[in-house]
Amino acid sequence: GEDVEQSLFLSVREGDSSVINCTYTDSSSTYLYWYKQEPGAGLQLLTYIFSNMDMKQDQRLTVLLNKKDKHLSLRIADTQTGDSAIYFCAETAGAGSYQLTFGKGTKLSVIP
Amino acid sequence: DTEVTQTPKHLVMGMTNKKSLKCEQHMGHRAMYWYKQKAKKPPELMFVYSYEKLSINESVPSRFSPECPNSSLLNLHLHALQPEDSALYLCASSRQDSTEAFFGQGTRLTVV
């Protein structure tokens, strides 16, 4: 079955880099996503990566994918207090599959 | 317009009440979703509509009744709910050929 694992908490100092890790089990996953959820709010799609890529960069965000180890990471450079939120990793089997399987979420706390 | 709008933002209802949650998007997306999110948990898929037809029902109790009156609107009708149904209800939409889902801010539902 599908399973997505994340560490539950991460604490970093403002200005440092944050790295949030995720592992998944479904080898047929074709898209992997990172969502951000601030307290009391909905989910904001941050970025995604297609399974035939190993890296994607978008401004302060860098996504690394190790398909062999089924490991996904999100690096946030120059972390700011506004980055404090819960970050969910999610996978899907791709086009035609509407099933997004979410990890339990990593709560990022940024210390001023 | 890249927004998914949900109303109301907060709802308190008794176990004998009937209420409806509403969701609207104008991105031309033909897939729309309802998710339920309990505190400190990831979202769980409830329903998927594809081209205004129900395509996935994740064994949701019949006290939750979805409706898709047109391609921009998605409703969730609630009747005879239980206190354990209290949660954040999230609506999302995506293109038919994509799982890149855009989420609304959610309705925080409390059943008393």
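Chain order of the listed sequences is A and B. Take any residue in the first sequence, note its place counting from 1, add 445, and you have its number in the numbering used here. Take any residue in the second sequence, note its place counting from 1, add 576, and you have its number in the numbering used here. By construction, the Cβ of each residue, glycine as well, lies at the ideal position given by its N, Cα and C atoms. On a predicted model such as this, the values are computed, not experimentally measured, just so you know.
(1) Please tell me whether Gly663 (chain B) has its Cβ less than 8 angstroms away from any Cβ of chain A.
(2) Would you mind giving the Cβ-Cβ distance between Glu483 (chain A) and Ala530 (chain A), rounded to the nearest angstrom? I have them listed as a contact below 8 angstroms.
(3) Who are the neighbours of Phe454 (chain A) on chain B, taking C-beta pairs under 9 angstroms?
(4) Contact criterion: CB-CB distance below 8 angstroms. Does Thr468 (chain A) meet it with respect to chain B?
(5) Kindly say whether Gly446 (chain A), judged by its beta-carbon, lies nearer than 8 angstroms to any beta-carbon of chain B.
(6) Below 8 angstroms, how does it come out for the region 549–557 of chain A and the region 449–466 of chain A: are there three or more Cβ pairs, yes or no?
(7) Of the residues that make up the region 598–612 of chain B, which ones have a beta carbon closer than 9 angstroms to any beta carbon in chain A?
(8) Within a Cβ cutoff of 6 angstroms, which residues of the same chain sit near Arg684 (chain B), ignoring the five residues on either side of it in sequence?
(9) Whether or not the region 581–600 of chain B and the region 646–663 of chain B are in contact is what I'm after, with contact meaning three or more pairs of Cβ atoms, one per stretch, closer than 8 angstroms; do they touch?
(10) How about the region 673–683 of chain B and the region 486–496 of chain A: do they share at least three Cβ pairs that are nearer than 8 angstroms?
(11) For my contact list, Met498 (chain A) and Thr507 (chain A) are in at a C-beta cut-off of 8 angstroms; report their separation, rounded to the angstrom.
(12) Have a look at Gln502 (chain A) and Lys515 (chain A) and give me their C-alpha separation to the nearest angstrom.
(13) If you draw a straight line from the alpha carbon of Ser452 (chain A) to that of Thr546 (chain A), how long is it in whole angstroms?
(14) Thinking C-alpha only, which one of B:Val636, B:Gly604, B:Thr686, B:Leu666 is nearest Trp610 (chain B)?
With the given structure in hand:
(1) Here the sequence assigns Ala to residue 663 (chain B), which means Gly is not the residue at that position. Judged by the 8 angstroms Cβ criterion, Ala663 (chain B) is not in contact with chain A.
(2) 5 angstroms
(3) Within 9 angstroms Cβ-Cβ: nothing; Phe454 (chain A) doesn't reach chain B, min ~11 angstroms.
(4) no
(5) In this prediction, Gly446 (chain A) scores a pLDDT of 48, lower than 50, which makes its location untrustworthy; no coordinate-derived value is stated.
(6) yes
(7) Ala607, Tyr609, Tyr611
(8) The answer, listed in chain order, is His586, Leu664.
(9) yes
(10) yes
(11) Contact flag wrong, Cβ pair sits at about 12 angstroms.
(12) 19 angstroms
(13) 16 angstroms
(14) B:Leu666
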